[in-house]
Ligand SMILES: Nc1ncnc2c1ncn2[C@@H]1O[C@H](COP(=O)(O)OP(=O)(O)OP(=O)(O)O)[C@@H](O)[C@H]1O
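In full-length UniProt numbering, the protein residues as written are 1 to 330.
Printed below as a string of structure tokens:
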């Protein structure tokens, strides 16, 4: 086996949702995927399909909302994170797995200078450093994420930095523990397009330089095409298609993936009208019977209304959950 491609994270048949145990509404069901070592894995889908819930389940960060993992395993470094209690998870969270979020402003403390905030994390991860050593390490991290004049910016307040710089500060914090896995939940959605590209390029570079794996959440297939190696498409709490980015872009097998790809600007033929997917994705608690995509699917047949399709391989590293995945529909 190629050791470089061994999975660093394996999520197996994960069922999780919000509410009290026994009465919780499942937001994700049967979610299975692997993030391989040194690879960028893209999790893509429309708003509300369960991308954030999947990521947050891994490190169980829900800002106090009652949350239940009903079934499944989250295997990381030989441990099952789903079976760990909070105290055990603290040893993993922010040490071996770091996470960055969509809005870099709310994730920073507005009353603390950025250097001190990064320093706090450095101290936590590297005990026994002198103040001068902490400072040196912070400045090094700020430089590593491409912040120029790092010594000066050490003393800046978060509000003095642009959105792109703030996201870089958060990436510096996430990197201070040299994580094996970085979970980035829509890290660039709040940023404008040029800054988005810079931050994504930085993640890509770090993956190569530091060798970490990245789980990147996005609703943008263009981002997946440019920055990810492997991907999964989510719809209504389930993964409908997964595999290498090259395989899925060349040969999408799920009508939902196909529709998302059709809507990519580069694929839109100027002579044909863009066909958006009619209708809205259903919210947790309102999933239809059968295939969850069938009310919006122009290829749906009787079976799709009744029977939920299992995810099955269409080639060695490409799986799809659609009753019609083997047919030539397009
Ligand atoms: N704290 C919460 N309490 C109850 N339900 C929630 C909570 N957070 C999310 N949900 C529900 O779980 C489902 C999945 O939401 P989630 O945020 O994971 O989707 P998403 O794909 O990440 O969407 P977005 O791109 O908008 O963040 C949705 O139906 C949502 O309403």
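Don't be surprised by glycine CBs; every beta carbon is placed ideally from N, CA and C.
Between residue 237 and residue 24, the C-beta spacing is not below 8 Å. Contact check for residue 277 and residue 259: beta-carbon distance about 5 Å, within the 8 Å limit, so the pair qualifies.
In this structure, DSSP gives residue 30 an extended state, which the three-state scheme calls strand. Between the alpha carbons of residue 299 and residue 8 lies a distance of about 36 Å. The set of residues with a C-beta under 5 Å from any non-hydrogen atom of ligand 1 comprises 18, 27, 47, 48, 49, 50, 51, 52, 53, 65, 283 and 284, given in chain order.
For residue 125, the enclosing alpha helix (DSSP H) starts and ends at 114-125. The distance from the Cβ of residue 138 to that of residue 164 is about 19 Å, inconsistent with a contact at the 8 Å cut-off. Counting only runs that start and end inside the region 175-237, the alpha helix (DSSP H) elements of at least 4 residues fall at 193-210 and 221-227.
Three or more Cβ pairs closer than 8 Å define a contact, and the region 50-64 falls short of that threshold against the region 128-144. Contact between residue 67 and residue 6 is ruled out by a C-beta separation of about 29 Å, above the 8 Å threshold.
DSSP, reduced to helix, strand and coil, places residue 295 within a helical segment of the structure shown. If you look at residue 16, you'll find it in the beta strand (DSSP E) that goes 7-18.
By the neighbour-count definition (other C-beta atoms within 10 Å, threshold 16), residue 317 is an exposed residue.
The bridge partners DSSP lists for residue 73 are 12. By the C-beta criterion, the region 184-204 is judged to be in contact with the region 156-174, since at least 3 inter-stretch pairs fall below 8 Å. A Cβ-Cβ distance of about 20 Å is found for the pair residue 213 and residue 319, leaving them out of contact under the 8 Å criterion. Taking 8 Å as the cut-off, the Cβ atoms of residue 245 and residue 232 do not count as close. Residue pairing by DSSP places residue 315 opposite 318 in a beta bridge. Beta bridge pairing from DSSP links residue 85 with no other residue. Around the beta carbon of residue 186, 16 or more other beta carbons lie within 10 angstroms, which makes this residue buried.
Our two residues, residue 128 and residue 281, have alpha carbons roughly 51 Å apart in a direct line. When DSSP states are grouped into helix, strand and coil, residue 35 belongs to the strand group. Proximity to residue 220 across 193, 181, 207 and 240 peaks at 193, based on C-alpha coordinates.
Counting only the Cα atoms, residue 195 lies some 8 Å from residue 188. One Cα belongs to residue 284, the other to residue 235, and the distance between them is close to 11 Å. When DSSP states are grouped into helix, strand and coil, residue 103 belongs to the coil group.
Its chain contains 110 as the residues whose beta carbon lies nearer than 7 Å to that of residue 159, once the 5 sequence neighbours on both sides are disregarded; these appear in chain order.
Between the C-alpha atoms of residue 151 and residue 103 there is a straight-line separation of about 24 Å. Going by C-alpha positions, residue 279 is about 17 Å away from residue 261. Under the three-state reduction of DSSP output, residue 242 falls in the strand class. Among the bridge pairs identified by DSSP, residue 98 is matched with 182. DSSP, read as helix, strand or coil, puts residue 25 in strand.
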